[in-house]
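Enquirer: What follows is a structure written as structure tokens; I'll ask about it next.
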Amino acid sequence: MISRRRFSKIAAGTGLALAAPALSTSSLAQAQPIKIGTSISLTGPLSGTKNALTGYQLWRDDVNAAGGLLGRPVELVTYDDQSSPAQIPAIYSKLVDVDRVDLLISPYGAVLSAPVMPFVKQRDLFLVGMFALAGNDTVRHDKYFHACPWGPNSQVNWARGFFDLARAAGCTKVAIMSADIEFAKISAAGGKAISEEYRMSVVYDQSYPPNQTDFSAILRNIRAAQPEAVFVCSYPPDSTALIRGLSEVGIGDSVKIFGGSMIGLQYASLLANIGPALNGIVNLHLYVPEPTMRNPAIDGFLARYEPLARAQQLDALGHYVPPFCYAAGQIIEAGVKGANTLNHAQISRYLHANPVQTIVGRATFNELGDWTEKRVLMVQFRGIRGRDVEQFRQPGRQVILDPPPLRTGELVAPFGAARSG
Amino acid sequence: MKRQDVAFAAGAIVVLLMGFGAVHAVANPYFFFAGYVIVQYVVLATAWNILGGYAGYINFGPAALYGAGVYTSALLLKAFGAPLVVNIVAAGLVGMVLGLMMGYLTLRVQGVYFAIATIALVIMLETVVHNIEYLGGARGLALIAPEPPAWAVGRTQFVFLVLLAIAVMSVALARWIERSWIGRGLRALRASEEAAECAGVATLRLKLAACAVSGALLAVAGAPYIYYASYIDPGSAFSLTLGLNTIAMPLIGGTRSWAGPVIGALLLASVQQAATVTISSELNVLMVGLALIVFIAAAPDGLIGLAERLRRKMHA
Amino acid sequence: MFLEILINAVATGLLLGSIYAALALGLAVTFGILHIPNIAHPVFVVLGAYLAVVANERGWDPILAALAGALPFYLLGALFYEFYARVFERRGEADTMQALTLFFGVSLVVETALVLKFGTNQQTVDVDYVGQSLRIGLLVMPYRLLVPALVAPVMILTLWAYLKFTYAGIAIRAAAHDVRALQVSGVDPHWIKRHAFGIASVTALVAGAILVIIGPVDPFSGRLQIGRAFAVVILAGMGAVPGTILAAFIIGVAESLVSAFLNPSWSPGVAFLILLATLALKPQGLFGASR
Amino acid sequence: MSEPVLAVRDLTKSFGALRALGPVSFALRGGERLGLIGPNGSGKTTLINCLSGTLRADDGRIWFAGRDVTNVLAFKRARMGLARSFQIPKPFVGMTVLENVLVPLDQIGDGSDHEARAMAILRSVRLDARAGDDAKRLSHLELRKLELARALVGAPKVLIADEAMAGLSEPEIDEILAILQRLSEAGVAVIMVEHIMHAVMRFSQRVICFETGQLIAEGTPQEVAEDPLVQKVYFGEPARH
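Residue numbers (the working numbering), protein chains in the order written: chain E, 84 to 504; chain P, 754 to 1069; chain Z, 233 to 523; chain A, 10 to 250.
Structure representation (structure tokens):
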């Protein structure tokens, strides 16, 4: 874990005008800090998300530089959950019962969040959700607010954009493949539901074990089924292997749109590694540097993130996780300032009633704490050449096709043409 | 001899009473969240040691039996809302059946082969769970357990107490086995199966018994987990780390007596609980790995063996 | 279409099988011949893969890099055996549990060392032939699998010839049967075992280079291979080095057919099912002498 | 002439294509002292393993104490009083000498006085002084004695002593011989499997000789020693010592 001192040094070393807590006004330093607790997957299979910490730290430094919350400095209390849900109950109990944190942020994703939900419901605590699809749908806690724009009823709806594009392109036959991993299975179930709703026939539907290295058998079976849309729910290791297989055995000429829910194609190292083979794939993202998405706040955030990422060997781009961690902080900030108290019920009441402006857009919460408006992007990779990471910071490489208000281009189809183009 | 038994029984009762007292006296629930993990390892290490330590059959897949217990309990809770006691018994039975299957394997294979076959069991069960939609597959299963009885203060305190009782019973059972003719027979077959057989020991029957008891206890250790975490997934139920710790604890404490796994579990699990919140988990794993190497190289009979050796040296 | 899927499934299975054989080969020496259950072998494979990654970043071909690294890896393996022997020397015959635990501990330490040095990110190599395929009629074979699959038989043949025709090779096989006889003939059994571990370690390095060509590798990739490698060795039969490739073909093709015609989700269980079936029905394996 | 306590008819055992034993037939009378000789690989150990039940014979029958035990498991034969020692001692390491003897007692005893009985047996082989020590710390002679002590627990009807004197010095051999002699006097039939010819010749009333799995000679020690077949088998390998 990066110690705070080292982090501050790195931050200071970059020459950015960051106010570390020690530099804040003396009255702020004397006040009892407000503690915000969370767990981060610093190790284990989800450690690709460990740059979350940087997102939280940047927010903490900003809020402290601006005088803290309620005149008190903000302090983060974080533990490594080792990507294991078995660790979560003890960690969150430690945060609440021993460290006496004032506010909680959930761990990453639905698997790690699942053990936290009954806990916060039982203790009636405020919680900011992080990336858990439909994280609050079973427990239905009224003090839960999602930092991620999956939107309402996200289990089914979040990938609707992909199927909207498929329908617009005239697809009627869809193939669905998914890794045996929680997020992928939920995505696949959602995809199936929408296919039915749109009267598309599911001509192939199968899951495969995580860490599958050879996709030729699966791709051939898909080709034999002649789908027009291929909805892929994969995880980082198999995303790479699958795209390699795509180049090797092909997928057939029938396919118009391919991708959807491939986790990993948001990470710099994977993108650079796969390179031109990405072209044509349509996939989910939450932030890409397209003109419709950019604003000074997020640009500034990413500009500060980059040198830190380089120094700490984190994901070079930081588009996927860190901005939403910063947004989680902003949601807390808005709630505490708006309610002018640390009382969880009052913060929740305020957030239910008022929208929050974050660096990733304006968030209005519904009764389950999901954003009322889904803002999952479907982007198409275009014009990727070579393996340079820098190109993914440029507009036009990850063209937004959906949702319509943010659109920066139209779907290039069929898939074969999009790949060569 | 008899005095020792009385002392042990008294100790067991004191531990249970202290647990019960702590639930009412200690307001901070974290104690029970962390305690649950530690006590769970006491059960796992003790259960593993009955087969691995006494009989010398290395079960490299304790996670298979633990996971079977976790999922049996969750299945019954989901399907019938069965009470915890029923789930524990059912998990024990499932563990016993799996243990007996493992035991029959010992007819055919010994030593390394047995160890490898048990690894296979973990992967097979995990693959099966992945493919059962009702159990949530790879997605995992979130279940909210029923409210605990009022005397237990809270849910975590309740499962902690249940697990503590299981731990005390497991240790008592292990101790009884160790000191009876069964334990002697198991140790004899550990030294030489052929010689034991020729000394009149019904080796197969003893091995089956050890596998069944060990399997049942390993599965029982998993039964309350769904009440603890409200969520299970194949990754945690069939966790490699859990299996590793279960094997490491008796080795560190000492495999020859019941106290070894208990000491090993209390020590390693407490250190790990503390380490989770202090040092990085890479160092945590590194620590376990190095501890294993050091103990194998320098103290093959664990801490208890080390203590005995020191005592002998002082007397000599 | 069915024919195409069948042909390609079998071909892919054979390619994968060949690669599994390469992964298991070192184990066939240490475990199959010397009866030392080196469950740390897969972690040496991963270590080899990382070496290939580092060399590849400097422009080397992974397989060439593996050949260049053969000597250091040989020494590493020999050193590893020396350590093992020292630990158990005083106690004579190694207790299975203690040996397994020691190797387990070593695996953890190596994995963690890799994590601390390289992080948990997936590592890949950049090779020209990845992404292209050899097409013969209906048959499509990716070079990503084909090239590694060709390395394995070469490696196995070389090792087989070495064991069969050289003095040291014959001594290795003899060491498995009768250490005393070996001593009488003036060969130091320790030297022979050290030598065998060195060779096994070199095969791990080559297998690692192959593994990282096929797909990304992380510090924990070895864990996935432990069961499969043992399945190959046990199915082949203890000490049956040439049999390794046939056993690996059987497992590879079985996995591939399950993937193609049943459900890919079940394929991880295939190797283990074969392993359990072998242990239960034919513990001596296909080509091994009866135990 | 008493009834045979152990009888074997047409016993065979093969490993793969290799016929290791038989067909072989012989009988052992109660209290008899039988020497079993033959070069390495002649099938002696295979025969003992078949008799004690750790190996299953392919064909043929075995009677023990008036019962057909061909399909009886090894541990039950041991409990019936068919005891054996091992060529390479197999002590229960990690257990004390006393516990080593308690293991067989556990199986047949009625639960009373086990320790006293175990100590008595240890005293009879003069191992009582080491009762509390771990078996792995014993000397070679002591290990041999422990093997015998363990075998004696069930008051056996037959004891198969598999090279119980291998690797021992002359005085040590005498000590083991004395123990076996006492047993024989107490009515235990003893099969002495041995390479040490002078001991076999001194001890046995009758000797049988094996070669390539076959019984090639049978008679008094004198007769067998003079048998031309036996001499041929042992040609170039004269009786040691």
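C-beta atoms are modelled at their ideal positions from N, C-alpha and C, and glycine is treated no differently. The structure presented is a predicted model; accordingly, all values stated were derived computationally and were not measured.
Answer with buried or exposed for A105 (chain E), where buried requires no fewer than 16 other C-beta atoms within 10 angstroms of its C-beta.
Expert: Legend: pLDDT at A105 (chain E) = 42, less than 50; position of this residue unreliable, no value from coordinates given.
Enquirer: Identify the contact partners of R861 (chain P) in chain Z, using a Cβ-Cβ distance below 8 Å as the criterion.
Expert: What R861 (chain P) touches in chain Z: L511, A512 and P515.
Enquirer: Short of 7 Å Cβ to Cβ, which residues in the stretch 866 to 877 of chain P face chain Z?
Expert: Residues Y866, A868, I869, A870, I872, A873, I876 and M877.
Enquirer: Mind pulling the chain E residues with CB within less than 9 Å of P374 (chain Z)?
Expert: Per Cβ cutoff of 9 Å: D297, S299, R327, G328, S330, E331 and V332.
Enquirer: Near L136 (chain E), what residues of its chain come up, given a Cβ to Cβ distance below 6 Å and the 5 sequence neighbours on each side ignored?
Expert: Hits under 6 Å: I123.
Enquirer: CB-CB under 7 Å to G244 (chain E), same chain, minus the five flanking residues each way: which ones, in chain order?
Expert: Excluding sequence neighbours, G244 (chain E) sits near V459, M461, D485 and P486.
Enquirer: Tell me which same chain residues have a C-beta within less than 8 Å of the C-beta of S107 (chain E), skipping the five on either side of it?
Expert: Per-residue confidence for S107 (chain E) stands at a pLDDT of 44, beneath the threshold of 50, marking its modelled position as unreliable; no derived number is given.
Enquirer: Residues bridged to T121 (chain E) by DSSP?
Expert: E:T161.
Enquirer: Since L299 (chain Z) is in the beta strand (DSSP E), which residue starts that stretch and which ends it?
Expert: Segment P294 to A300 is the alpha helix (DSSP H) holding L299 (chain Z); no beta strand (DSSP E) there.
Enquirer: Give the single residue among Z:N288, Z:S497 and Z:L238 whose Cα lies nearest to the Cα of S261 (chain E).
Expert: Closest by alpha carbon: Z:S497.
Enquirer: Within 10 Å of its beta-carbon, does S337 (chain E) have 16 or more other beta-carbons around it, so buried, or fewer, so exposed?
Expert: Flag for S337 (chain E) reads buried.
Enquirer: Whose C-beta lies closer than 6 Å to the C-beta of P451 (chain Z) among residues of the same chain, with five residues either side of it excluded?
Expert: If we look at P451 (chain Z) and ignore the five residues flanking it on each side, its Cβ neighbours are E343, L346 and V347.
Enquirer: So, do the stretch 220 to 240 of chain E and the stretch 411 to 430 of chain E have three or more beta carbon pairs nearer to each other than 8 Å?
Expert: Yes, they touch.
Enquirer: According to DSSP, is A306 (chain A) part of a helix, a strand, or is it coil?
Expert: Residue coverage of chain A in this structure runs from 10 to 250, which leaves residue 306 (chain A) outside it and unanswerable.
Enquirer: Helix, strand or coil: how does DSSP classify W72 (chain A) here?
Expert: DSSP places W72 (chain A) in strand when its eight states are reduced to three.
Enquirer: Spatial neighbours of F384 (chain E) within its chain, please: C-beta separation below 7 Å, excluding the five flanking residues on both sides.
Expert: Once the five neighbours on either side are set aside, the close Cβ partners of F384 (chain E) are L141, P406, Y409 and I442.
Enquirer: Under a CB-based cut-off of 9 Å, is S499 (chain Z) close to chain E?
Expert: Output row for S499 (chain Z): interface = yes.
Enquirer: Q910 (chain P) versus chain E: which residues are under 9 Å apart at the beta carbon?
Expert: Ordered by position in chain E, no residue passes the 9 Å Cβ test against Q910 (chain P), which lies about 11 Å from the chain.
Enquirer: Residues of chain A with CB under 9 Å from R937 (chain P), in chain order?
Expert: Here the neighbours are F101, M104, E108, L111, V112 and D115.
Enquirer: Relative to the C-alpha of R892 (chain P), which residue among E:I334, E:L353, E:E265 and E:G131 is closest?
Expert: Selected option, being the one with the closest Cα: E:E265.
Enquirer: Contact criterion: CB-CB distance below 9 Å. Does S322 (chain E) meet it with respect to chain P?
Expert: With 9 Å as the cut-off, S322 (chain E) does not count as an interface residue toward chain P.
Enquirer: Taking contact to mean at least 3 C-beta pairs separated by less than 8 Å, is the stretch 1013 to 1022 of chain P in contact with the stretch 303 to 321 of chain Z?
Expert: They do not touch, by the three-pair rule.
Enquirer: Within 9 Å of any Cβ in chain A, is that where the Cβ of S945 (chain P) sits?
Expert: Chain A contact via Cβ: present.
Enquirer: Measuring CB to CB, does F35 (chain A) end up less than 9 Å from E227 (chain A)?
Expert: Yes, they are a contact pair.
Enquirer: Between the C-alpha atoms of P48 (chain A) and M201 (chain A), what's the straight-line distance to the nearest angstrom?
Expert: Rounded to whole angstroms, P48 (chain A) to M201 (chain A) spans 14 Å at the Cα level.
Enquirer: Considering just the uninterrupted stretch of the alpha helix (DSSP H) at K349 (chain Z), what are its terminal residues?
Expert: Here the alpha helix (DSSP H) through K349 (chain Z) covers T328 to F350.
Enquirer: Taking 9 Å as the CB-CB limit, is I897 (chain P) close to chain E?
Expert: Taking Cβ atoms only, chain E reaches closer than 9 Å to I897 (chain P), which makes this a yes.
Enquirer: Quick one: residues in its chain with C-beta nearer than 7 Å to the C-beta of V464 (chain Z), no 5 flanking neighbours on either side, listed in chain order?
Expert: Cβ within range, chain order: Y252, A253, A256, T476, A479, A480 and I483.
Enquirer: Check whether the Cβ of A197 (chain E) lies closer than 9 Å to any Cβ atom in chain P.
Expert: Answer yes: the Cβ-Cβ gap between A197 (chain E) and chain P drops below 9 Å somewhere.
Enquirer: In chain order, what residues of the same chain lie with their CB nearer than 8 Å to the CB of I305 (chain E), ignoring the 5 residues before and after it?
Expert: So the qualifying residues of the chain are A258, M260, Y287, V313, I334 and G335.
Enquirer: Here's a check: name, in chain order, each residue in its chain whose Cβ is nearer than 6 Å to the Cβ of G788 (chain P), leaving out the five neighbours to either side.
Expert: Only F913 meet the Cβ criterion.
Enquirer: May I have a chain-ordered list of the beta strand (DSSP E) segments no shorter than 3 residues that lie completely inside the stretch 358 to 401 of chain Z?
Expert: You should have 365 to 368 and 371 to 374.
Enquirer: Can you find a CB in chain P that lies within less than 9 Å of the CB of R245 (chain Z)?
Expert: The identity of residue 245 (chain Z) in the sequence shown is Gly, whereas the question assumes Arg. Judged by the 9 Å Cβ criterion, G245 (chain Z) is not in contact with chain P.
Enquirer: Does the separation of the CB atoms of L508 (chain Z) and A873 (chain P) fall below 9 Å?
Expert: In this structure, A873 (chain P) lies closer than 9 Å to L508 (chain Z) by Cβ.
Enquirer: Against chain Z, with Cβ distances strictly below 9 Å, would V881 (chain P) count as a contact?
Expert: Yes - at least one Cβ of chain Z is within 9 Å of the one on V881 (chain P).
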